[in-house]
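A short write-up of the structure that comes next.
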Amino acid sequence: MKPGQPFADLPALAAHLRQELENKKTILLYAYNGTGKTRLSMAFKDIGKQGGDEQRDTLYFNAFTEDLFYWNNDLEGDADRRLLLNKDSRFFQGLFELEMDNRIRPLLQRYADFEFRIDTQEWAVRFSRTVNGQIIDNIKVSRGEENIFVWCFFLAVVELAMDPEIEAYRWVKYLYIDDPISSLDEHNAIAVGNHLAQLLKRPESKLKTVLSTHHTLFFNVLCNEMKNAKRYFINKNSTGNGYVLREETGDTPFFHHVAALAELYQAAQEDRLFTHHFNMLRTILEKTASFHGHKNFSVCIKRQDDDPDGILHARLINILSHGNYSLFEPQEMLDENKAYFKKILHDFLSRYPFNPELFPQAIEEARTP
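At position 323 of the sequence shown the residue is numbered 323 (the UniProt record's numbering), and the sequence of numbers has no breaks.
So this is what it looks like as structure tokens:
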């Protein structure tokens, strides 16, 4: 992974991504939750609207897109549950003249077994499901099924934007898609990633695309399917001011826990350790323990004969990774906790055979008698 490129704020990072897309069709971004992915997508969109709303150039999917759909659960009658559409949003303007039901249905059938119908008079969607040969109308689908429906609705709009014959969407130059799979299981994460990649790789598509996610499996599927895309890892600056964009240049997708481990190692080397780093360390230990078939991360903590450090350090990680602090308000570790953190991290790197190029000093110290 190349050294990171700093940016003062999200608008500056969004402007850089637009510049990158002058020579690249697709950019893939990986970032932890809380980094600012949704706000980055809005900053990217806002740059395209600087000449006024009529000059917009970005069709986007993010948490704001999902909020355009909301439930009326018919609390009084408990019989006519429906998903309402925000008719004031420009997202829906002109769509219902384009037979959206027939455009959404073949996309939805890839993932779900329920049916739907769009009422263009009420701006509502009603769902049904066949159970034992009987159709049950006006059902409330699960959160995951709702997300799938909204996602397929968006994909149908994307297909319209790809069609040069559809005048209503000729303004779309960019797609920005942020975390479309927050409530999906692993099978659907793979299916959605694969389907999306095939859609974007269509020869007739001229749209430039940014895809951002915190979902490791989804990111890796996209990397494998879209090998020519640029791949980046976004972090907040350790001081809490600005952002760092790191390019991943390997032949295969990076494993984000290795990238996170490299980040922790660098933070420890530079003595810029913050309380949220304990959360990151715990996640890495848990993934390593799971990989080796263990149920508890404590097995990954080095213990000496008659040395209680293993138990002590496990308890420290349990306590310090469950505080109220977070990435949003970085707080520097106390010196005592820094010492504990560095020892746990150093012992972990010494015990497991990670690439020595990523952690040169730790590996060299482990080899020294």
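Heads up, the beta-carbon is just placed ideally off N, CA and C, and yes, glycines get one too.
### Message
Once DSSP output is grouped into helix, strand and coil, what is the label at Y325?
### Response
Locating residue 325 in the sequence shown gives position 325, counting from the first residue. Any reading at Y325 needs caution, since the residue's pLDDT is 44, under 50, leaving its predicted position unreliable; the model's value is listed next. Annotated three-state conformation of Y325 is coil, per DSSP.
### Task
State buried or exposed for residue 427, treating a residue as buried only when at least 16 other CB atoms are found within 10 Å of its CB.
Residue coverage of the chain in this structure runs from 1 to 369, which leaves residue 427 outside it and unanswerable.
### Task
Determine the direct distance from the alpha carbon of E115 to that of L107, and round the result to whole angstroms.
One-based indexing of the sequence shown puts residue 107 at position 107. One-based indexing of the sequence shown puts residue 115 at position 115. Near 12 Å, if we compare the C-alpha coordinates of E115 and L107.
### Query
Using a Cβ-Cβ cut-off of 6 Å (strictly less than) and excluding sequence neighbours within five positions of K342, which residues of its own chain qualify?
One-based indexing of the sequence shown puts residue 342 at position 342. For K342, the CB contacts under 6 Å within the same chain, skipping 5 residues up- and downstream, are A268 in chain order.
### Query
Is the distance from the Cβ of D178 to the Cβ of T38 below 7 Å?
Within the sequence shown, numbered from 1, the residue matching residue 178 stands at position 178. Within the sequence shown, numbered from 1, the residue matching residue 38 stands at position 38. Cβ atoms of D178 and T38: closer than 7 Å.
### Task
Report the option in L349, L316, H346, F348 whose CA atom is closest to the CA atom of M333.
Taking the sequence shown and counting its residues from 1, one reaches residue 333 at position 333. It is L316 whose Cα lies nearest to the Cα of M333.
### Task
My understanding is that L349 touches Y265, with C-beta atoms under 8 Å, so please give their C-beta distance in whole angstroms.
Residue numbering aside, residue 349 sits at position 349 when the sequence shown is read from its first letter. Residue numbering aside, residue 265 sits at position 265 when the sequence shown is read from its first letter. The C-beta separation of L349 from Y265 comes to about 7 Å, placing the pair in contact by the 8 Å criterion.
### Message
According to DSSP, is E115 part of a helix, a strand, or is it coil?
### Response
Position 115 of the sequence shown holds residue 115. In this structure, E115 counts as strand in the three-state DSSP scheme.
### Query
Are the region 77-87 and the region 43-51 touching, with three or more C-beta to C-beta distances below 8 Å?
The region 77-87 makes no contact with the region 43-51: fewer than 3 CB pairs, one atom from each, lie closer than 8 Å.
### Contacting residues, own chain, Cβ-Cβ under 6 Å from Y340 (five flanking each side not counted)
Position 340 of the sequence shown, counted from the first residue, corresponds to residue 340. Excluding sequence positions up to five before and after Y340, its CB lies within less than 6 Å of the CB of L316, all in the same chain and listed in chain order.
### Task
Look at the alpha carbon of L281 and the alpha carbon of N337, and state the distance between them as a whole number of angstroms.
Indexing the sequence shown from 1 puts residue 281 at position 281. Indexing the sequence shown from 1 puts residue 337 at position 337. Between L281 and N337, the alpha-carbon positions lie close to 13 Å from each other.
### Query
If you compare alpha carbons, which of E270, V244, K208 is closest to A229?
Taking the sequence shown and counting its residues from 1, the one referred to as residue 229 is at position 229. It is K208 whose Cα lies nearest to the Cα of A229.
### Query
N337 by DSSP, collapsed to three states: which one?
In the sequence shown, residue 337 corresponds to position 337, counting from 1. DSSP places N337 in helix when its eight states are reduced to three.
### Query
Near L21, which residues of its chain fall below 6 Å by C-beta distance, leaving aside the five closest residues on each side in sequence?
Here residue 21 refers to the residue found at position 21 of the sequence shown. Excluding sequence neighbours, L21 sits near K208.
### Query
Whose CA, out of N355, G34, D335, L59, lies closest to the CA of K173?
The sequence position of residue 173 within the sequence shown is 173, counting from 1. Ranking the options by Cα distance to K173, first place goes to L59.
### Task
Closer than 6 Å by C-beta to A168: which residues in its own chain qualify, once you throw out the five before and the five after it? Chain order, please.
Within the sequence shown, residue 168 is the residue found at index 168, counting from 1. When the five nearest sequence neighbours on each side are left out, the beta carbons in the same chain lying within less than 6 Å of the beta carbon of A168 are those of G94, in order along the chain.
#### Entry: Sheet register partners of T213 (DSSP bridge)
For the purposes of this step, residue 213 is identified with residue 213 of the sequence shown, where counting begins at 1. Assignment of beta-bridge partners to T213 by DSSP yields Y30.
#### Entry: Collapsed DSSP secondary structure at Q5 in the structure displayed
Sequence index remark: in the sequence shown, residue 5 carries index 5 (1-based). Correct three-state label for Q5: strand.
### Task
Between the Cα of S298 and those of T275, L345, D335, F274, spot the shortest distance and give me the residue it belongs to.
The residue given as residue 298 occupies position 298 in the sequence shown. Measuring from the Cα of S298, the nearest candidate turns out to be L345.
### Query
Three-state secondary structure (DSSP) at I124?
In the sequence shown, counting from the first residue as 1, residue 124 sits at position 124. According to the sequence provided, residue 124 is Ala. The question's Ile does not apply to it. Secondary structure of A124 (DSSP, three-state): strand.
### Message
What does the Cβ neighbour count give for E270, buried or exposed, with the cut at 16 atoms within 10 Å?
### Response
Along the sequence shown, read from residue 1 onward, the residue named residue 270 stands at position 270. Answer is exposed; the Cβ neighbour count stays below 16.
### Message
Please return the same chain residues whose Cβ sits closer than 6 Å to the Cβ of Q5, not counting the five positions on each side in sequence.
### Response
Residue 5 sits at position 5 when you count from the first residue of the sequence shown. Closer than 6 Å at Cβ, skipping near neighbours: L245.
### Those runs of the beta strand (DSSP E) which lie wholly inside the region 54-111 and span at least 3 residues
The region 54-111 contains these whole beta strand (DSSP E) runs: 58-61, 69-72, 82-85.
### Message
Out of S205, A8, E225, E204, which one is the CA nearest neighbour of H195?
### Response
Here the question's residue 195 lines up with position 195 in the sequence shown. Out of S205, A8, E225, E204, E225 has the C-alpha closest to the C-alpha of H195.
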